[in-house]
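Here this note's numbering = 1-based position in the sequence shown + 13. Glycine included, each C-beta is placed from N, C-alpha and C at the ideal position. Bear in mind that the values here come from a model prediction, so they are computed numbers and not experimental data. Step one of this worksheet: look at the structure below.
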Amino acid sequence: MTIADQFPDIVKRGEPLAPYTHLRIGGPAEYFIQPRTVSELADVLRHCKKQRVPVRMLGGGYNLLVRDEPVAGAVVRLQGEAFTGLEREGRTVRAAGGGQLFDLLAFAVRGGLGGLETLVGIRGTVGGSVRCNVGDRTGEIGSAVRRVAVLTDDGKQELRSRDELNFSDHSSDLVEPVILWVEFDLEPNDPEVLLRRMRKAWVQRQAGEPHSFQAGVRMFRNPAGGTASSLIERAGLAKHRCGGAEVSERNGNYAIVHPGTTAADVLGLIESVRKTVRERTGLVLERELNVW
Ligand SMILES: Cc1cc2nc3c(=O)[nH]c(=O)nc-3n(C[C@H](O)[C@H](O)[C@H](O)COP(=O)(O)OP(=O)(O)OC[C@H]3O[C@@H](n4cnc5c(N)ncnc54)[C@H](O)[C@@H]3O)c2cc1C
Numbered sequence: 014m015t016i017a018d019q020f021p022d023i024v025k026r027g028e029p030l031a032p033y034t035h036l037r038i039g040g041p042a043e044y045f046i047q048p049r050t051v052s053e054l055a056d057v058l059r060h061c062k063k064q065r066v067p068v069r070m071l072g073g074g075y076n077l078l079v080r081d082e083p084v085a086g087a088v089v090r091l092q093g094e095a096f097t098g099l100e101r102e103g104r105t106v107r108a109a110g111g112g113q114l115f116d117l118l119a120f121a122v123r124g125g126l127g128g129l130e131t132l133v134g135i136r137g138t139v140g141g142s143v144r145c146n147v148g149d150r151t152g153e154i155g156s157a158v159r160r161v162a163v164l165t166d167d168g169k170q171e172l173r174s175r176d177e178l179n180f181s182d183h184s185s186d187l188v189e190p191v192i193l194w195v196e197f198d199l200e201p202n203d204p205e206v207l208l209r210r211m212r213k214a215w216v217q218r219q220a221g222e223p224h225s226f227q228a229g230v231r232m233f234r235n236p237a238g239g240t241a242s243s244l245i246e247r248a249g250l251a252k253h254r255c256g257g258a259e260v261s262e263r264n265g266n267y268a269i270v271h272p273g274t275t276a277a278d279v280l281g282l283i284e285s286v287r288k289t290v291r292e293r294t295g296l297v298l299e300r301e302l303n304v305w
């Protein structure tokens, strides 16, 4: 029995993934699944494991490039009440993995809890942002994480406490298929102070990103002691182009896409930038963008 037969109400076959990603690029998913409850999600995971169907989690698609070809297996998206809630107890906020990072920041700031406000402007879901340990020079999300609830590939819920987790530059060692919820330990502070900090961070972030009318994604992790953008710019690659994909002139670490761009164009740009930077600086950039 296929997943589509087993879960007919929540599975779509051949659903195009492009509309669910920031770049609006990519082929369809063999099975696109939007579970309604945690137990339904756990059943899906168990079924996929039994049938040896690969499972991929889709967040907001901000750190993701979907290839032009169909994606084999199951793509799971968390949406709806069971996967987007926010709760507070004292200085701890529990955020469900499918909720928007921005909603979490706004909830914390309104409640007078600081520690995440400088991440404003980074887009994504809570689950995707913790898995990718989002952040910048002002800090990273991992440093506020208290514990994480995950679902294993056999649908079991497990807790990962702070001392079991390792966060590094734009990555974490959370390898289980699903981040169900995350608890953050935050610092009580005056909401007005936090709001001012948030506004300042917002302005700074906007200045370092592609224009708001452009869709762009970050290509590489920052190398030790430097930034990928400065290496790319020093290699003379601003506005370098491959098909419809182009290096942003505002920040060399962003690939922006013009209408009609394919995933192959974006991958071609990434490879061409990596090769030129290696030739001109001797440094090998590591890709940050997830590719399916
Ligand atoms: C314009 C722009 C600016 C950005 N600026 C920054 C920045 O300043 N700093 C920074 O760090 N990042 C930045 N990013 C990258 C991006 O915003 C983050 O990585 C983002 O938080 C990814 O979250 P997502 O929900 O979109 O995940 P997706 O892109 O959908 O997925 C990313 C990875 O997380 C996994 N995943 C998603 N949800 C879950 C879940 N619930 N459980 C388990 N795994 C999951 C996916 O399988 C995939 O491997 C930027 C991106 C853009 C487009």
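Have a look at residue i and residue j and give me their C-alpha separation to the nearest angstrom.
i       : j       : result
Ala-87  : Glu-301 : 23 angstroms
Ile-192 : Gly-110 : 6 angstroms
Asn-297 : Arg-101 : Note that residue 297 is Val in the sequence shown, not Asn. Roughly 43 angstroms separates the two Cα atoms.
Ala-214 : Val-260 : 24 angstroms
Thr-275 : Leu-36  : 10 angstroms
Ala-95  : Arg-49  : 7 angstroms
Leu-117 : Leu-199 : 12 angstroms
Arg-104 : Leu-58  : 33 angstroms
Glu-205 : Gln-219 : 21 angstroms
Thr-138 : Lys-252 : 30 angstroms
Pro-236 : Glu-299 : 8 angstroms
Gly-257 : Glu-292 : 24 angstroms
Ala-228 : Ile-269 : 6 angstroms
Pro-41  : Asp-22  : 19 angstroms
Met-14  : Ser-243 : 52 angstroms
Gly-281 : Asp-203 : 48 angstroms
Ser-181 : Ile-245 : 22 angstroms
Val-79  : Trp-305 : 5 angstroms
Gly-238 : Met-211 : 26 angstroms
For ligand 1, I want to know if residue i counts as a neighbour, meaning its beta carbon is within less than 6 angstroms of at least one of the ligand's heavy atoms.
i       : result
Glu-222 : yes
Asn-235 : no
Ile-192 : yes
Leu-71  : yes
Val-279 : no
Leu-77  : yes
Asp-149 : yes
Ser-185 : no
Ile-46  : no
His-35  : yes
Gly-110 : yes
Thr-50  : no
Val-195 : no
Ala-245 : Note that residue 245 corresponds to Ile in the displayed sequence, not to Ala. Answer for Ile-245: no, Cβ out of range of ligand 1.
Gly-86  : no
Val-230 : yes
Ser-142 : yes
Ile-135 : yes
Thr-138 : yes
Cys-145 : yes
Gly-74  : yes
Asn-303 : yes
Over the uninterrupted beta strand (DSSP E) stretch that includes residue i, give me the two end residues.
i       : result
Asp-198 : 191 to 198
Gly-27  : 24 to 29
Arg-69  : 68 to 71
Leu-172 : 170 to 174
Tyr-44  : 41 to 46
Val-133 : Looking at the DSSP string, Val-133 is not in any beta strand (DSSP E), and its letter there is neither H nor E.
Arg-159 : 158 to 164
Thr-105 : 105 to 109
Glu-299 : First-last for Glu-299: undefined, no H or E at that position.
Glu-102 : 99 to 102
Gly-10  : The question about residue 10 has no answer, for the chain in this structure spans 14 to 305.
From which residue to which residue does the alpha helix (DSSP H) around residue i run?
i       : result
Ile-8   : The shown model of the chain, from 14 to 305, leaves out residue 8, and the question about it has no answer.
Ala-17  : 16 to 19
Glu-53  : 51 to 63
Ala-119 : 114 to 123
Gly-140 : 139 to 144
So residue i and residue j are in contact, right, with Cβ under 8 angstroms, and what is the actual spacing, rounded?
i       : j       : result
Val-106 : Leu-91  : Not confirmed; about 18 angstroms, so no contact.
Val-122 : Leu-30  : That belief does not hold up - the Cβ atoms of Val-122 and Leu-30 are roughly 32 angstroms apart, past 8 angstroms.
Ile-154 : Leu-132 : 6 angstroms
Val-195 : Val-161 : 5 angstroms
Asp-81  : Gly-39  : 7 angstroms
Asn-179 : Met-232 : The Cβ separation is near 24 angstroms, so there is no contact.
Arg-175 : Arg-159 : 6 angstroms
Val-286 : Leu-250 : 6 angstroms
Is residue i near ligand 3, in the sense that its beta carbon is under 6 angstroms from a heavy atom of that ligand?
i       : result
Arg-123 : With respect to ligand 3, the structure shown offers nothing to examine, as its ligands consist of ligand 1.
Enumerated in chain order, which unbroken segments of the alpha helix (DSSP H) with a length of 4 residues or greater are wholly contained in the region 202 to 273? Entirely contained in the region 202 to 273, the alpha helix (DSSP H) runs reaching 4 residues are, in chain order, 204 to 220 and 241 to 247.
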